[in-house]
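Participant:
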Amino acid sequence: MKIIDLLKNEKLSLSFEVFPPKTQSGFETVKTATEEIAKLHPSYMSVTYGAGGGIGQYTLQIAKNIKDNYNVPTLAHLTCVSSSKETVAQKIAAMKEAGIQNVLALRGDIPQEMQGADRSGWDFRYAIDLVRTLKEAGGFCIGGACYPEIHPESANQKEDILRLKEKVDAGCDFLTTQMFFDNNLLYSFLYKIREAGIDVPVIPGIMPITNANQIQRAITLSGSFMPQRFKILVDKFGSDPAAMKQAGIAYATDQIIDLFANGITNVHVYSMNNPDVAQKIMQNLSDILGK
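In terms of my numbering, the sequence shown opens at residue 2 and continues consecutively.
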(Lines of atoms letter the chains of each structure in order from A; the text may use other names.)
(Lines give C-alpha, C1' and ligand atoms only; values in the text may rest on other atoms or scores of the structure.)
Protein backbone atom coordinates (compact mmCIF):
# COMPACT_ATOMS: atom_id res chain seq x y z
CA MET A 2 0.00 0.00 0.00
CA LYS A 3 1.19 3.52 -0.75
CA ILE A 4 1.78 5.88 2.19
CA ILE A 5 -0.19 8.68 0.55
CA ASP A 6 -3.30 6.48 0.62
CA LEU A 7 -2.79 5.76 4.33
CA LEU A 8 -2.53 9.47 5.02
CA LYS A 9 -5.97 10.08 3.52
CA ASN A 10 -7.48 8.12 6.41
CA GLU A 11 -8.59 10.52 9.15
CA LYS A 12 -8.05 7.89 11.85
CA LEU A 13 -5.17 8.65 14.23
CA SER A 14 -2.12 6.51 13.58
CA LEU A 15 1.52 5.96 14.49
CA SER A 16 4.39 4.78 12.33
CA PHE A 17 7.90 3.77 13.41
CA GLU A 18 11.38 4.13 11.96
CA VAL A 19 13.97 1.37 12.19
CA PHE A 20 17.48 1.03 10.84
CA PRO A 21 19.36 -1.90 9.30
CA PRO A 22 22.55 -3.37 10.79
CA LYS A 23 26.00 -2.15 9.84
CA THR A 24 27.29 -5.71 9.36
CA GLN A 25 25.96 -9.16 8.58
CA SER A 26 26.77 -10.29 12.13
CA GLY A 27 24.13 -7.91 13.49
CA PHE A 28 21.46 -8.77 10.96
CA GLU A 29 19.47 -11.33 12.97
CA THR A 30 19.37 -9.12 16.07
CA VAL A 31 18.08 -6.16 14.07
CA LYS A 32 15.67 -8.35 12.12
CA THR A 33 14.16 -9.65 15.37
CA ALA A 34 13.82 -6.12 16.80
CA THR A 35 12.10 -4.82 13.68
CA GLU A 36 9.76 -7.80 13.66
CA GLU A 37 8.74 -7.11 17.26
CA ILE A 38 7.87 -3.54 16.28
CA ALA A 39 5.96 -4.81 13.23
CA LYS A 40 3.86 -7.00 15.54
CA LEU A 41 2.48 -3.80 17.09
CA HIS A 42 0.73 -3.16 13.75
CA PRO A 43 1.85 0.43 13.13
CA SER A 44 0.39 2.25 10.15
CA TYR A 45 3.73 1.76 8.38
CA MET A 46 7.44 1.38 9.12
CA SER A 47 10.32 3.23 7.52
CA VAL A 48 13.75 1.65 7.10
CA THR A 49 16.76 3.95 6.92
CA TYR A 50 19.48 3.69 4.31
CA GLY A 51 22.21 2.02 6.33
CA ALA A 52 23.02 2.57 9.99
CA GLY A 53 25.33 5.50 10.62
CA GLY A 54 25.55 6.37 6.95
CA GLY A 55 26.23 2.82 5.81
CA ILE A 56 25.81 1.59 2.27
CA GLY A 57 22.24 0.39 2.78
CA GLN A 58 22.74 -3.21 1.62
CA TYR A 59 20.33 -4.52 4.26
CA THR A 60 17.63 -1.86 3.90
CA LEU A 61 15.68 -3.78 1.29
CA GLN A 62 15.95 -7.07 3.17
CA ILE A 63 14.47 -5.55 6.34
CA ALA A 64 11.78 -3.62 4.45
CA LYS A 65 10.75 -6.62 2.35
CA ASN A 66 10.56 -8.89 5.41
CA ILE A 67 8.29 -6.46 7.26
CA LYS A 68 6.07 -5.97 4.21
CA ASP A 69 5.80 -9.58 3.11
CA ASN A 70 5.66 -11.41 6.45
CA TYR A 71 3.91 -8.92 8.73
CA ASN A 72 1.68 -7.08 6.26
CA VAL A 73 2.98 -3.72 7.41
CA PRO A 74 3.52 -1.14 4.64
CA THR A 75 7.16 -0.09 4.40
CA LEU A 76 8.95 3.08 3.42
CA ALA A 77 12.52 2.47 2.25
CA HIS A 78 14.99 5.31 2.52
CA LEU A 79 17.28 6.01 -0.41
CA THR A 80 20.22 8.43 -0.46
CA CYS A 81 21.93 9.73 -3.55
CA VAL A 82 24.84 11.98 -2.61
CA SER A 83 27.87 11.45 -4.89
CA SER A 84 26.12 8.48 -6.58
CA SER A 85 26.17 7.98 -10.34
CA LYS A 86 23.02 7.75 -12.45
CA GLU A 87 23.83 4.09 -13.11
CA THR A 88 24.13 3.28 -9.40
CA VAL A 89 20.85 4.98 -8.53
CA ALA A 90 19.11 3.25 -11.46
CA GLN A 91 20.29 -0.12 -10.11
CA LYS A 92 18.97 0.69 -6.64
CA ILE A 93 15.61 1.77 -8.02
CA ALA A 94 15.37 -1.42 -10.04
CA ALA A 95 16.15 -3.46 -6.91
CA MET A 96 13.39 -1.66 -5.01
CA LYS A 97 10.87 -2.41 -7.74
CA GLU A 98 11.92 -6.05 -7.80
CA ALA A 99 11.41 -6.23 -4.01
CA GLY A 100 7.91 -4.78 -4.37
CA ILE A 101 8.75 -1.54 -2.55
CA GLN A 102 6.20 1.15 -3.40
CA ASN A 103 7.26 3.87 -0.96
CA VAL A 104 10.62 5.66 -1.00
CA LEU A 105 11.95 8.47 1.17
CA ALA A 106 14.26 10.43 -1.13
CA LEU A 107 17.23 11.90 0.72
CA ARG A 108 20.49 13.52 -0.26
CA GLY A 109 22.34 11.77 2.55
CA ASP A 110 25.40 12.86 4.49
CA ILE A 111 28.39 13.86 2.42
CA PRO A 112 31.27 11.46 3.20
CA GLN A 113 34.03 13.02 5.29
CA GLU A 114 36.60 12.51 2.54
CA MET A 115 34.39 14.44 0.09
CA GLN A 116 33.58 17.41 2.29
CA GLY A 117 35.74 19.82 0.31
CA ALA A 118 35.24 18.24 -3.10
CA ASP A 119 33.91 20.06 -6.16
CA ARG A 120 30.31 18.84 -6.45
CA SER A 121 29.42 20.63 -9.67
CA GLY A 122 29.93 17.50 -11.77
CA TRP A 123 28.00 15.12 -9.52
CA ASP A 124 24.89 13.51 -11.01
CA PHE A 125 23.09 13.94 -7.66
CA ARG A 126 23.92 17.01 -5.62
CA TYR A 127 20.60 17.42 -3.80
CA ALA A 128 17.57 15.36 -2.81
CA ILE A 129 15.53 17.07 -5.54
CA ASP A 130 17.70 15.32 -8.14
CA LEU A 131 16.68 11.95 -6.68
CA VAL A 132 13.02 12.98 -6.44
CA ARG A 133 13.00 13.78 -10.17
CA THR A 134 14.66 10.45 -11.00
CA LEU A 135 12.16 8.48 -8.90
CA LYS A 136 9.29 10.39 -10.49
CA GLU A 137 10.58 9.51 -13.95
CA ALA A 138 10.94 5.86 -12.94
CA GLY A 139 7.24 5.80 -12.01
CA GLY A 140 5.29 3.63 -9.61
CA PHE A 141 6.60 5.08 -6.36
CA CYS A 142 5.01 7.12 -3.60
CA ILE A 143 7.80 9.58 -2.89
CA GLY A 144 8.48 11.12 0.51
CA GLY A 145 10.83 13.96 1.38
CA ALA A 146 12.42 15.29 4.53
CA CYS A 147 11.81 18.71 6.05
CA TYR A 148 13.09 20.69 9.03
CA PRO A 149 10.62 22.49 11.34
CA GLU A 150 13.46 24.68 12.61
CA ILE A 151 15.90 25.02 9.70
CA HIS A 152 18.10 22.75 7.62
CA PRO A 153 21.62 22.98 9.08
CA GLU A 154 23.03 24.06 5.69
CA SER A 155 20.39 26.70 4.88
CA ALA A 156 21.12 30.38 5.31
CA ASN A 157 17.67 31.06 6.76
CA GLN A 158 14.22 29.52 6.99
CA LYS A 159 12.84 31.51 4.07
CA GLU A 160 15.46 29.97 1.77
CA ASP A 161 14.88 26.57 3.33
CA ILE A 162 11.15 26.68 2.60
CA LEU A 163 11.79 27.87 -0.96
CA ARG A 164 14.01 24.84 -1.59
CA LEU A 165 11.39 22.62 0.05
CA LYS A 166 8.71 23.98 -2.30
CA GLU A 167 10.91 23.11 -5.28
CA LYS A 168 11.37 19.57 -3.97
CA VAL A 169 7.62 19.12 -3.50
CA ASP A 170 6.92 20.50 -6.96
CA ALA A 171 9.44 18.00 -8.37
CA GLY A 172 7.32 15.11 -7.14
CA CYS A 173 7.21 14.61 -3.36
CA ASP A 174 3.86 13.16 -2.29
CA PHE A 175 4.39 13.80 1.43
CA LEU A 176 6.98 15.11 3.89
CA THR A 177 8.35 13.78 7.16
CA THR A 178 9.93 16.20 9.62
CA GLN A 179 13.23 15.92 11.39
CA MET A 180 12.87 15.46 15.15
CA PHE A 181 11.76 18.39 17.29
CA PHE A 182 11.03 18.78 21.00
CA ASP A 183 8.76 21.82 21.03
CA ASN A 184 5.47 21.37 19.17
CA ASN A 185 5.05 25.11 18.73
CA LEU A 186 7.98 25.02 16.31
CA LEU A 187 6.06 22.57 14.14
CA TYR A 188 2.83 24.59 14.23
CA SER A 189 4.72 27.71 13.16
CA PHE A 190 6.49 25.77 10.40
CA LEU A 191 3.23 24.33 9.07
CA TYR A 192 1.72 27.80 8.89
CA LYS A 193 4.73 29.12 6.95
CA ILE A 194 4.89 26.29 4.42
CA ARG A 195 1.14 26.43 3.76
CA GLU A 196 1.53 30.15 3.12
CA ALA A 197 4.32 29.25 0.67
CA GLY A 198 1.98 26.93 -1.25
CA ILE A 199 3.23 23.59 0.06
CA ASP A 200 0.07 21.54 0.52
CA VAL A 201 1.24 17.92 0.70
CA PRO A 202 0.75 15.98 3.98
CA VAL A 203 3.42 16.61 6.61
CA ILE A 204 4.15 13.86 9.14
CA PRO A 205 5.76 15.05 12.38
CA GLY A 206 8.78 13.02 13.50
CA ILE A 207 9.13 12.43 17.25
CA MET A 208 12.29 11.11 18.90
CA PRO A 209 11.84 9.61 22.39
CA ILE A 210 15.03 10.51 24.27
CA THR A 211 15.49 7.54 26.59
CA ASN A 212 19.06 8.14 27.70
CA ALA A 213 21.11 11.26 28.24
CA ASN A 214 23.71 10.26 25.63
CA GLN A 215 21.13 10.66 22.85
CA ILE A 216 20.76 14.38 23.46
CA GLN A 217 24.00 15.61 21.92
CA ARG A 218 23.51 13.36 18.90
CA ALA A 219 19.98 14.70 18.43
CA ILE A 220 21.27 18.27 18.53
CA THR A 221 24.10 17.45 16.11
CA LEU A 222 21.80 15.70 13.62
CA SER A 223 19.00 18.23 13.56
CA GLY A 224 20.10 21.34 15.42
CA SER A 225 17.02 20.80 17.57
CA PHE A 226 15.98 23.38 20.13
CA MET A 227 15.69 21.86 23.61
CA PRO A 228 12.86 23.47 25.63
CA GLN A 229 13.62 24.38 29.23
CA ARG A 230 11.17 21.81 30.59
CA PHE A 231 12.98 19.10 28.66
CA LYS A 232 16.37 20.28 29.97
CA ILE A 233 15.00 20.12 33.52
CA LEU A 234 13.74 16.59 32.89
CA VAL A 235 17.18 15.47 31.70
CA ASP A 236 18.91 17.23 34.58
CA LYS A 237 16.67 15.44 37.06
CA PHE A 238 16.60 11.93 35.57
CA GLY A 239 19.58 11.76 33.20
CA SER A 240 21.82 9.90 35.64
CA ASP A 241 19.21 7.20 36.31
CA PRO A 242 18.80 5.07 33.14
CA ALA A 243 15.45 3.51 34.11
CA ALA A 244 13.96 6.82 35.22
CA MET A 245 15.29 8.65 32.13
CA LYS A 246 13.78 6.02 29.85
CA GLN A 247 10.38 6.35 31.53
CA ALA A 248 10.55 10.16 31.50
CA GLY A 249 11.66 10.25 27.86
CA ILE A 250 8.78 8.01 26.79
CA ALA A 251 6.35 10.15 28.79
CA TYR A 252 7.66 13.35 27.17
CA ALA A 253 7.35 11.88 23.66
CA THR A 254 3.86 10.59 24.48
CA ASP A 255 2.85 14.06 25.66
CA GLN A 256 4.12 15.55 22.39
CA ILE A 257 2.11 13.05 20.36
CA ILE A 258 -1.07 13.64 22.36
CA ASP A 259 -0.73 17.39 21.81
CA LEU A 260 -0.23 16.84 18.07
CA PHE A 261 -3.32 14.64 17.85
CA ALA A 262 -5.33 17.16 19.86
CA ASN A 263 -4.33 19.89 17.41
CA GLY A 264 -5.53 18.09 14.30
CA ILE A 265 -2.45 16.07 13.33
CA THR A 266 -3.61 12.57 12.38
CA ASN A 267 -0.32 10.79 11.62
CA VAL A 268 2.87 10.83 13.71
CA HIS A 269 6.17 9.10 12.96
CA VAL A 270 8.31 7.85 15.87
CA TYR A 271 12.07 7.41 15.61
CA SER A 272 12.08 4.20 17.64
CA MET A 273 15.82 3.41 17.29
CA ASN A 274 15.08 -0.32 16.85
CA ASN A 275 13.74 -0.45 20.40
CA PRO A 276 10.56 -2.57 20.56
CA ASP A 277 10.08 -1.78 24.25
CA VAL A 278 9.95 1.96 23.61
CA ALA A 279 7.57 1.48 20.68
CA GLN A 280 5.33 -0.80 22.71
CA LYS A 281 5.15 1.55 25.71
CA ILE A 282 4.22 4.50 23.51
CA MET A 283 1.51 2.43 21.84
CA GLN A 284 0.22 1.37 25.27
CA ASN A 285 0.19 4.97 26.48
CA LEU A 286 -1.95 5.89 23.48
CA SER A 287 -4.07 2.73 23.24
CA ASP A 288 -7.43 4.34 23.87
CA ILE A 289 -6.60 7.42 21.82
CA LEU A 290 -5.57 5.20 18.88
CA GLY A 291 -8.47 2.83 19.47
CA LYS A 292 -6.18 -0.15 19.97
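Even glycine gets a Cβ: it sits at the ideal position worked out from N, Cα and C.
Measure the alpha-carbon distance for Thr266 versus Ser14 and round it to whole angstroms.
Facilitator: Roughly 6 Å separates the two Cα atoms.
Participant: Run the CB neighbour count on Lys281, radius 10 Å, all protein chains shown included, and call it buried at 16 or more, exposed below.
Facilitator: With 16 or more Cβ atoms within 10 Å of its Cβ, Lys281 is classed as buried.
Participant: Cβ atoms of Lys168 and Ile194: under 8 Å apart, would you say?
Facilitator: No, the pair does not count as a contact, with Cβ atoms beyond the cut-off.
Participant: Nearest to His78 by CA position, among Ala197, Leu286, Gln284 and Ile63, is which residue?
Facilitator: If we check each option's Cα against that of His78, Ile63 comes out closest.
Participant: Tell me whether the beta-carbon of Val268 lies closer than 8 Å to the beta-carbon of Ile204.
Facilitator: Closer than 8 Å, so yes.
Participant: If you compare alpha carbons, which of Val278, Leu165, Ser225 and Asn275 is closest to Gln179?
Facilitator: Measuring from the Cα of Gln179, the nearest candidate turns out to be Ser225.
Participant: When the Cα atoms are used, what is the spatial distance from Ile56 to Gly139?
Facilitator: Here the model assigns Ile56 a pLDDT of 49, short of 50, so the residue's position is not dependable, and the following value carries that caveat. Looking at the two C-alpha atoms, the distance is approximately 24 Å.
Participant: Give me, in chain order, the residues of the same chain whose beta-carbon lies closer than 8 Å to that of Pro242; leave out the 5 immediate sequence neighbours on both sides.
Facilitator: Cβ within range, chain order: Asn212.
Participant: Could you please give the first and the last residue of the uninterrupted beta strand (DSSP E) stretch that includes Tyr271?
Facilitator: Counting along the chain, the beta strand (DSSP E) containing Tyr271 begins and ends at Asn267 to Tyr271.
Participant: Assign His176 to one of two classes, buried (16 or more other C-beta atoms within 10 Å of its C-beta) or exposed (fewer than that).
Facilitator: Checking the displayed sequence, the identity of residue 176 turns out to be Leu instead of His. Flag for Leu176 reads buried.
Participant: To the nearest angstrom, how far is the alpha carbon of Ala106 from that of Thr254?
Facilitator: Approximately 28 Å, taken between the alpha carbons.
Participant: In this structure, does DSSP put Met208 in helix, strand or coil?
Facilitator: Coil.
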